[in-house]
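Chemist: Taking my numbering, the leading residue of the sequence shown gets 3, the next gets one more, and so forth. Here you go, one structure.
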Amino acid sequence: MPRVVDHAARRRAISEAVQRLVGQEGLDGLTMARAASAAGVSVGQLQHYFDSKDALLEDMFARQVHRMRRRAGELAEASVGARSSIRSVVVEALTDRLPATPEQLGEQRVWMAFLSRASVRPDLSVQYETAFDHQLNLLGQAVHNGKECGEVPTDTDSTSAAWRLLALTDGLAAQQSSRPNPDSVSAARLVTEAVSEVFPGRCRQWG
3 MPRVVDHAAR RRAISEAVQR LVGQEGLDGL TMARAASAAG VSVGQLQHYF DSKDALLEDM
63 FARQVHRMRR RAGELAEASV GARSSIRSVV VEALTDRLPA TPEQLGEQRV WMAFLSRASV
123 RPDLSVQYET AFDHQLNLLG QAVHNGKECG EVPTDTDSTS AAWRLLALTD GLAAQQSSRP
183 NPDSVSAARL VTEAVSEVFP GRCRQWG
């Protein structure tokens with residue numbers, strides 16, 4: 003019998019293999035031949051799923067956004083059972099964006115490359131803005147929840163606080179990912195300090 007190919011699984015495997023390559027070498031030197039080699043397929047097979055580097059980048063970005071949303075959801079669910087403070091959840095969610103591991107470095111480089119392409123392509127700009135706004139809204143809701151439970155001063159502007167924290171984290175992630183020897187410990191400390199400034203109180207819900 004002819005072998006049945008799971009095209010969705012093959013597409014995912016190619017995308018993940020190329021993202022690992024981007025994490026190691028960056029996007030500038032990526033060619034379809036290098037991408038195919040990293041994924042263990044021929045150039046022809048690669049082009050069956052992705053006809054260009056931009057198509058690969060779009061797919062990697064979409065999968066990355068999905069992973070980030072899934073991790074954020076899992077973190078929120080786990081925090082309820084662990085009776086964690088909102089502050090600690092926000093710290094963990096934001097430091098997860100810093101390039102402390104090869105996987106995170108790959109994600110950050112894909113994010114930066116997609117942002118660069120989105121600046122000159124309106125169709126990609128919509129995708130980027132949707133992903134960014136989703137993160138901003140989640141963070142703003144966390145600050146609002148912190149105000150209700152006592153971790154955040156009631157006069158704090160939730161949207162402004164969310165912008166500050168996300169801008170700091172994205173800036174540190176971009177800066178660290180461009181260094182040959184990123185200092186993820188110092189970056190995480192800066193994020194933790196910034197979050198603590200927004201969430202200085204103790205949640206009344208947990209006592």
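Cβ atoms here follow ideal geometry from the backbone N, Cα and C, with glycine treated the same way. Small disclaimer: the values here were computed from a predicted structure and weren't measured.
When you compare only the Cα positions, how much space is there between F201 and T171?
Modeler: Looking at the two C-alpha atoms, the distance is approximately 16 Å.
Chemist: For the alpha helix (DSSP H) that Q148 lies in, which residues bound it at each end?
Modeler: A small correction: the amino acid at residue 148 is Gly; Gln does not occupy that position in the sequence shown. Note, G148: alpha helix (DSSP H), 124-151.
Chemist: Confirm, please, whether the CB-CB distance from A40 to A19 is below 8 Å.
Modeler: Against a cut-off of 8 Å, the Cβ pair of A40 and A19 comes out as a contact.
Chemist: What's the C-alpha gap between Q177 and G31?
Modeler: Rounded to whole angstroms, Q177 to G31 spans 20 Å at the Cα level.
Chemist: I need the DSSP call for S12, collapsed to helix, strand or coil.
Modeler: The question names Ser, yet the displayed sequence has Arg at residue 12. R12 falls in the helix class under three-state DSSP.
Chemist: Buried or exposed: where does T132 fall if 16 or more other Cβ atoms within 10 Å of its Cβ makes it buried?
Modeler: With fewer than 16 other Cβ atoms within 10 Å, it is exposed.
Chemist: To the nearest angstrom, how far is it from the Cα of L77 to the Cα of R99?
Modeler: Their Cα atoms are separated by approximately 14 Å.
Chemist: At what residues does the alpha helix (DSSP H) containing L167 begin and finish?
Modeler: Looking at the DSSP string, the run of the alpha helix (DSSP H) that includes L167 is 160-179.
Chemist: Between A158 and R166, what straight-line distance do the alpha-carbon atoms span, to the nearest angstrom?
Modeler: Here residue 158 turns out to be Thr, not Ala, going by the sequence shown. If I take the Cα positions, the gap works out to 12 Å.
Chemist: Where S44 and I16 are concerned, what is the direct C-alpha to C-alpha distance, given to the nearest angstrom?
Modeler: In a straight line, the C-alpha of S44 is about 11 Å away from that of I16.
Chemist: According to DSSP, simplified to helix, strand and coil, what is L29?
Modeler: Three-state result, L29: coil.
Chemist: How is the alpha helix (DSSP H) around F116 delimited, first residue to last?
Modeler: Note, F116: alpha helix (DSSP H), 104-120.
Chemist: Excluding the 5 residues flanking V67 on each side, which residues of the same chain have their C-beta closer than 7 Å to its C-beta?
Modeler: Taken in chain order, the residues that qualify are A133.
Chemist: Could you tell me the alpha carbon to alpha carbon distance between E79 and L140, rounded to whole angstroms?
Modeler: E79 and L140: Cα-Cα distance of roughly 14 Å.
Chemist: State buried or exposed for A11, treating a residue as buried only when at least 16 other CB atoms are found within 10 Å of its CB.
Modeler: A11 comes out exposed.
Chemist: Going by beta carbon distance, what residues of the same chain come within less than 7 Å of D53, once the five residues before and after it are set aside?
Modeler: Result list for D53: empty, nothing under 7 Å.
Chemist: Examine the Cβ distances between the stretch 187-194 and the stretch 110-126 and report whether three or more of them are shorter than 8 Å.
Modeler: With the cut-off at 8 Å, the stretch 187-194 and the stretch 110-126 do not touch.
Chemist: Ordered along the chain, which non-local residues of its own chain (more than five positions away) have a Cβ less than 8 Å from that of P104?
Modeler: Same-chain partners within the cutoff: R22, G25, Q26.
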